[in-house]
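A.B. asks: Quick one: this structure, given as structure tokens, is what I'll be asking you about.
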Amino acid sequence: AQKVTQAQTEISVVEKEDVTLDCVYETRDTTYYLFWYKQPPSGELVFLIRRNSFDEQNEISGRYSWNFQKSTSSFNFTITASQVVDSAVYFCALLNRETSGSRLTFGEGTQLTVNP
Amino acid sequence: NAGVTQTPKFQVLKTGQSMTLQCAQDMNHEYMSWYRQDPGMGLRLIHYSVGAGITDQGEVPNGYNVSRSTTEDFPLRLLSAAPSQTSVYFCASRRRAQLTYGYTFGSGTRLTVV
């Protein structure tokens, strides 16, 4: 069975602070994919990044960076110099192999509030 | 290219009423899924389909029915709505051969059962 845990239910920061959102996952599969989605107040789900289980390189995209560590089953997301527009709910998700029904398992989400 | 289209965006039902949430995609994706989002619980899989004529249950299927007569459409039916089905519903799709790209999501349907 798959499980994704986002232990931080809510995080509040002041603009320009750095913030890290934690994600820990469980799976028995050796091939899997990890995702981060952003859900702004408007409600839609916005895809941010995907990572496959064979690629442990960290990635940086502008103010966003992701740290994938198989040894600790973690896929953490850092926002540098946060902005008010970053306020949203962020979801970490795990997609397993084809033969397992292709299920996308989500974490509980972290509500990030960036105050001016 | 419209992507994944969900209708309606908002709906209020009375307990016991039935309704169908519509989902359509124009990307020729084989895989389609329905999720519900509840506070503090993330998104949970209700039903999914790997192709026309094939459906299966997800994590929380009770109270919902689905069918997949065409590749494009994957409606979700509530036969007798209950207050516990108050939630935000998302439809998602992906191409079978493109596992790495994950799913494309619709904009959601906010359902309230009173």
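Residue numbers (our numbering), protein chains in the order written: chain D, 1 to 116; chain B, 117 to 230. Even glycine gets a Cβ: it sits at the ideal position worked out from N, Cα and C.
Which word fits Arg184 (chain B), buried or exposed, when buried means at least 16 other C-beta atoms lie within 10 angstroms of its C-beta?
C.D. replies: On the second sequence, residue 184 (chain B) is found 68 positions in, with the first residue counted as 1. Buried, since its Cβ has 16 or more Cβ neighbours within 10 Å.
A.B. asks: Taking the DSSP output, what are the residues bridged to Met148 (chain B)?
C.D. replies: On the second sequence, residue 148 (chain B) is found 32 positions in, with the first residue counted as 1. Per DSSP, B:Ser165, B:Ser209.
A.B. asks: Rounded to the nearest angstrom, what separates Arg212 (chain B) and Ser73 (chain D) at their Cα positions?
C.D. replies: The sequence position of residue 212 (chain B) within the second sequence is 96, counting from 1. The sequence position of residue 73 (chain D) within the first sequence is 73, counting from 1. Rounded to the nearest angstrom, the two C-alpha atoms are 26 Å apart.
A.B. asks: Provide the residue(s) that pair with Lys38 (chain D) in DSSP beta bridges, ordered along the chain.
C.D. replies: For the purposes of this step, residue 38 (chain D) is taken as the residue at position 38 of the first sequence. DSSP output for Lys38 (chain D) lists D:Val46, D:Tyr90 as bridge partner(s).
A.B. asks: Under 9 Å, CB to CB, which of the residues in the region 100-115 of chain D have a partner in chain B?
C.D. replies: Under the 9 Å Cβ criterion, the region 100-115 of chain D contributes Gly101, Ser102, Arg103, Leu104, Thr105, Phe106, Gly107, Glu108, Gly109.
A.B. asks: If you measure between the beta carbons of Glu15 (chain D) and Gln83 (chain D), is that distance less than 8 Å?
C.D. replies: Numbered from its first residue, the first sequence carries residue 15 (chain D) at position 15. Numbered from its first residue, the first sequence carries residue 83 (chain D) at position 83. The answer is yes: Cβ separation under 8 Å.
A.B. asks: Counting beta carbon pairs with one atom in the region 102-109 of chain D and one in the region 42-60 of chain D, are three or more of them shorter than 8 Å?
C.D. replies: The answer is no - the region 102-109 of chain D does not touch the region 42-60 of chain D, with fewer than three Cβ pairs under 8 Å.
A.B. asks: Where do the N-terminal and C-terminal ends of the beta strand (DSSP E) with Phe75 (chain D) fall, by residue?
C.D. replies: What you label residue 75 (chain D) is simply residue 75 of the first sequence in a count that begins at 1. Phe75 (chain D) -> beta strand (DSSP E) spans 74-79.
A.B. asks: Which residues in chain D have a C-beta closer than 7 Å to the C-beta of Ser203 (chain B)? List them in chain order.
C.D. replies: Indexing the second sequence from 1 puts residue 203 (chain B) at position 87. The premise fails here: Ser203 (chain B) is roughly 12 Å from chain D at the closest Cβ pair, so nothing lies under 7 Å.
A.B. asks: Could you check whether the region 17-28 of chain D touches the region 162-177 of chain B, counting it as contact only if at least three pairs of C-beta atoms, one from each stretch, sit closer than 8 Å?
C.D. replies: These segments do not touch.
A.B. asks: If you measure from the beta carbon of Arg119 (chain D) to each beta carbon in chain B, is any gap under 8 Å?
C.D. replies: Outside the shown range of chain D (1 to 116) lies residue 119 (chain D), about which nothing can therefore be said.
A.B. asks: Residues in the same chain with beta-carbon distance under 8 Å from Ser134 (chain B), minus the five sequence neighbours each way, listed in chain order, please.
C.D. replies: Taking the first residue of the second sequence as 1, we reach residue 134 (chain B) at position 18. Taken in chain order, the residues that qualify are Arg193, Leu194, Leu195, Ser196, Ala197.
A.B. asks: Determine the direct distance from the alpha carbon of Trp36 (chain D) to that of Asn144 (chain B), and round the result to whole angstroms.
C.D. replies: Here residue 144 (chain B) corresponds to residue number 28 of the second sequence, with the count starting at 1. Here residue 36 (chain D) corresponds to residue number 36 of the first sequence, with the count starting at 1. When rounded, the distance between both Cα atoms is 24 Å.
A.B. asks: Lys16 (chain D) by DSSP, collapsed to three states: which one?
C.D. replies: On the first sequence, residue 16 (chain D) is found 16 positions in, with the first residue counted as 1. Looking at Lys16 (chain D) - three-state DSSP - the assignment turns out to be coil, as it is neither helix nor strand.
A.B. asks: Give the secondary structure of Lys3 (chain D) by DSSP, where H, G and I count as helix, E and B as strand, and everything else as coil.
C.D. replies: Along the first sequence, read from residue 1 onward, the residue named residue 3 (chain D) stands at position 3. The answer is strand: DSSP assigns Lys3 (chain D) an E or B state.
A.B. asks: Give the straight-line distance between the Cα atoms of Arg210 (chain B) and Gly179 (chain B), rounded to the nearest whole angstrom.
C.D. replies: Here residue 210 (chain B) refers to the residue found at position 94 when the second sequence is read from its first residue. Here residue 179 (chain B) refers to the residue found at position 63 when the second sequence is read from its first residue. Their Cα atoms are separated by approximately 25 Å.
A.B. asks: If you measure from the beta carbon of Ser165 (chain B) to each beta carbon in chain D, is any gap under 8 Å?
C.D. replies: Taking the first residue of the second sequence as 1, we reach residue 165 (chain B) at position 49. Chain D contact via Cβ: absent.
A.B. asks: Do we get a CB-CB distance below 8 Å when we pair Phe91 (chain D) with the residues of chain B?
C.D. replies: Translated into the one-based positions of the first sequence, residue 91 (chain D) becomes position 91. Answer yes: the Cβ-Cβ gap between Phe91 (chain D) and chain B drops below 8 Å somewhere.
A.B. asks: I'd like the ranges of any beta strand (DSSP E) spanning at least 3 consecutive residues and lying wholly in the region 167-209 of chain B.
C.D. replies: Runs of the beta strand (DSSP E) inside the region 167-209 of chain B: 170-173, 180-182, 192-194.
A.B. asks: I need the DSSP call for Ser71 (chain D), collapsed to helix, strand or coil.
C.D. replies: Your numbering for residue 71 (chain D) matches position 71 in the first sequence. Reduced to three states, the DSSP call for Ser71 (chain D) is helix.
A.B. asks: Specify the secondary structure class of Val85 (chain D) as computed by DSSP and reduced to three states.
C.D. replies: Residue numbering aside, residue 85 (chain D) sits at position 85 when the first sequence is read from its first letter. Looking at Val85 (chain D) - three-state DSSP - the assignment turns out to be helix.
A.B. asks: For the region 130-157 of chain B, which residues have a CB atom closer than 9 Å to at least one CB atom of chain D, in sequence order?
C.D. replies: Listed in sequence order: Tyr147, Ser149, Tyr151, Gln153, Pro155, Gly156, Met157.
A.B. asks: Under a CB-based cut-off of 8 Å, is Leu159 (chain B) close to chain D?
C.D. replies: If you number the second sequence from 1, residue 159 (chain B) lands on position 43. So, interface residue.
A.B. asks: Check the Cβ of Gly119 (chain B) against every Cβ in chain D and list those closer than 8 Å, keeping chain order.
C.D. replies: On the second sequence, residue 119 (chain B) is found 3 positions in, with the first residue counted as 1. Neighbours of Gly119 (chain B) on chain D: none; closest Cβ ~11 Å, over 8 Å.
A.B. asks: Are the C-beta of Tyr25 (chain D) and some C-beta of chain B separated by less than 8 Å?
C.D. replies: Mapped onto the first sequence, residue 25 (chain D) falls at position 25. No, because no Cβ of chain B sits closer than 8 Å to the Cβ of Tyr25 (chain D).
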